[in-house]
Structures are given as C-alpha cells and as structure tokens.
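Below is one structure; the comments refer to it alone.
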Amino acid sequence: MWMVILVIIVISAALIVGAAWGLYGKFPSKVEGFLVAMAGGALIVSVMAELLEPAAEASSIPIVILSFLSGAVIFTLVDMYIDRHVGEDSGGGLLMAVVLDGVPENLALGVALIGSGPLGVLALTGSILLSNLPEAAGGARQMRENGFSKLKAMGIWTATAAILSGAAIAGYLLLPSDAEMALAVIKSFAAGAVIASLATEVFPTAYEKDNDATGIAVAVGVALAFLLHEIG
Numbered sequence: 534m535w536m537v538i539l540v541i542i543v544i545s546a547a548l549i550v551g552a553a554w555g556l557y558g559k560f561p562s563k564v565e566g567f568l569v570a571m572a573g574g575a576l577i578v579s580v581m582a583e584l585l586e587p588a589a590e591a592s593s594i595p596i597v598i599l600s601f602l603s604g605a606v607i608f609t610l611v612d613m614y615i616d617r618h619v620g621e622d623s624g625g626g627l628l629m630a631v632v633l634d635g636v637p638e639n640l641a642l643g644v645a646l647i648g649s650g651p652l653g654v655l656a657l658t659g660s661i662l663l664s665n666l667p668e669a670a671g672g673a674r675q676m677r678e679n680g681f682s683k684l685k686a687m688g689i690w691t692a693t694a695a696i697l698s699g700a701a702i703a704g705y706l707l708l709p710s711d712a713e714m715a716l717a718v719i720k721s722f723a724a725g726a727v728i729a730s731l732a733t734e735v736f737p738t739a740y741e742k743d744n745d746a747t748g749i750a751v752a753v754g755v756a757l758a759f760l761l762h763e764i765g
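According to this note's numbering, the residues represented by the sequence shown are 534 to 765, in order.
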C-alpha cells in the first residue's frame, strides 16, 4: 500500500507544484516551451510502451483501435467546446488534456501497481512527473493571463490532482488485476486522448514558446521516457 501512497503523492505534487510554478514563478517563455515539448516527447513513449502495446497484448486489435479513436474523438470534441465557450487560450485545453488522458491512465496505473516492484513504480511515477509538471505550469499560467485569480486557478489544479489520485486509488482497489479486457479499453482510450492532446495542445504550445529547440526538447523527452521504461 505504501507504493500506492507514493504514487498518489507524486501525481498530486506534480500538478500542484506545476500550477504553483505557473502562477507564482518567473521563468522565460523558452524554458516553458522546452519543458512542455519535453513532456510531449515523454508522452509519445508512454502511449506506445505503457498504453497501446499492453492493450494490444490483452485484447483484439479492432477493440484497441476503436477505443483509441474514441479517446481522440472525445478529447477533440471537449477541446472544441472549451475553445468556443471558455476561450482558446484559457488554459482549459491543457487542463482537459491532463484530465482526459490522466483519469483512464491512472485507473490503469492503479491496477499496474498490484504486484509491481520498486523499479516498475519508479518508471511509472517518473513518466507521470515528467509529463504533468510542465502541463500544469502552462495551463495555470494561461488561466492567470486570462483573468483567473491565482486562488481560483490553484484550486482548479488542486482539485484535478485529487481526481487523478482518486482514479489511481480506484484502479488499485476496484479493478481486478486480471480484468484484461476492461484495462485494455481504458488504456487505449487514454492513448487516443494523449495523441489528440499532443497534436492540438502540447506541441503547438511548445512551438509557440520556443520554436528553436522544440525538436531537441521532444527528443530529450523521448530519451528520458525510454530510459524509465527500460528501467521498469
């Protein structure tokens, strides 16, 4: 159980610290862009190694593809709604990216923690930290620039951290480790949401902030996530 608590702390800390960094910290735009791009690179590896490949091993390819496309479509529809009714640069897109890929991903994470060793936990928590920290920073900063009070923005991201922590606990306590089909659907859906968020939120934001080193940052993120995956 202590490993579950450790993961919950990391998930919560990554989002809360990231939001605080975006709201109260002063950092160059290029640094923000580099970190967001690096997180995107890490997510590329996570989609394939942590989500799609395990899902394909546990289920049929048609189910995996259908769930994957469903995740992408639902994320896109919600993102379009946010752009039209909340504001394209409100920070809501990055927040929704974290929630839509984070909830199913953390349900799967909770199941994966059953019987996992320390190195496996290290790889999973490291990937989450690498991706969530800059996304929360960028989203909170956009909220501040669009008129959200610091207290309100911080409250939203703290609530998001609580939701994702709850998802990890639910996955650990409620989903049996042998529920392979359900877990495959959850992982595939999360993968689709991640890919859609990379295309519409993460990489465009990174390139806007730091168009010189975006490619390098993505490569660094891929390398770090690949290393964590191999360690796990």
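Glycine included, every Cβ here is placed at the ideal spot set by N, Cα and C.
- If you check the CB distance, L666 and A572 come in under 9 Å.
- If you check the CB distance, A739 and V751 come in under 9 Å.
- Annotated three-state conformation of D711 is coil, per DSSP.
- Taking C-beta separations shorter than 8 Å and ignoring five residues to either side along the sequence, the partners of A715 in its chain run L708, following chain order.
- About 10 Å separates the Cβ atoms of L556 and K685, ruling out a contact at the 8 Å cut-off.
- For the pair S603 and I728, the Cα-to-Cα distance works out to about 12 Å.
- Between A553 and M687, the alpha-carbon positions lie close to 7 Å from each other.
- By alpha-carbon distance to A756, the top candidate from G574, K563 and L539 is G574.
- Using a 10 angstroms sphere on the CB of S592, the tally of other CB atoms reaches 16 or more, which defines it as buried.
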